[in-house]
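Down below is the structure, laid out as structure tokens.
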Amino acid sequence: MIESNHSACTSILIGKNATTDGSIIIGRNEDDKSNCAKHLAFHEEKDIPNNHFKSNLNKFEMDLPTHRYAYSSTPNWSDKKGVYEESGSSNECY
Numbered sequence: 577m578i579e580s581n582h583s584a585c586t587s588i589l590i591g592k593n594a595t596t597d598g599s600i601i602i603g604r605n606e607d608d609k610s611n612c613a614k615h616l617a618f619h620e621e622k623d624i625p626n627n628h629f630k631s632n633l634n635k636f637e638m639d640l641p642t643h644r645y646a647y648s649s650t651p652n653w654s655d656k657k658g659v660y661e662e663s664g665s666s667n668e669c670y
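Start counting at 1 in the sequence shown, then tack on 576, and there's your number in our numbering.
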């Protein structure tokens, strides 16, 4: 076994065409503390004129499409240390 000091959350997304009953399955582990609570969030589809992303953590920024599809995510319960909206899917996957 190779040891590593790296850590990363892992998401498993199983689409409706990969399950026998058409279910969508989403799983996520947490590489931080065991008491780092998550919650399921839903974001509605909408148009956002002049949609521009600017990171709060570094100098990365970019223009985004004006139409945002609906999507689900599992962010941290609190955004004190960042949002981390991982392991979601868009309404285009349904």
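We put the beta carbon where it would ideally sit given N, CA and C, even for glycine.
So what does DSSP say about residue i, is it helix, strand or coil?
i	result
N634	coil
K614	strand
N593	helix
N652	strand
Measure the C-alpha to C-alpha separation of residue i and residue j and round it to an integer number of angstroms.
i	j	result
G598	L633	38 Å
I600	S631	30 Å
P641	E621	12 Å
R644	S663	17 Å
Go to residue i, then tell me how far its beta strand (DSSP E) extends in each direction, as first and last residue.
i	result
G603	601–604
I588	587–590
Y647	647–649
Answer with buried or exposed for residue i, where buried requires no fewer than 16 other C-beta atoms within 10 angstroms of its C-beta.
i	result
T650	buried
G658	exposed
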